[in-house]
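Residue 32 in our numbering sits at position 32 of the sequence shown; the count goes up by one each step and never skips. For every residue, glycine included, the Cβ atom is placed at its ideal position computed from N, Cα and C. These notes concern the structure reproduced below.
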Amino acid sequence: MAEEAGERRGFGPRKMYKATCSDCGAECEVPFKPTPGRPVYCRSCWEKRRGRRF
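Shown next as structure tokens:
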């Protein structure tokens, strides 16, 4: 059975927050409330950065 986008099994829909990607500037939605001063990445930029270690 496929779950709807944004839904978690047994928890219902996940609250999403609008944000601006720190790398490319694209508008995106993230499953957490962005913290001022901390970077937020869209899915595409997150995938690119995921393998890197800072």
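- Listed as beta-bridge partners of A19 by DSSP are C28.
- Around the beta carbon of Y41, 16 or more other beta carbons sit within 10 angstroms, so the residue counts as buried.
- Between the C-alpha atoms of P36 and R9 there is a straight-line separation of about 30 Å.
- The beta carbon of P39 sits closer than 7 Å to the beta carbons of S22 from its chain, once the five residues preceding and following it are set aside; these are given in chain order.
- When the five nearest sequence neighbours on each side are left out, no beta carbon in the same chain lies closer than 6 Å to the beta carbon of R43.
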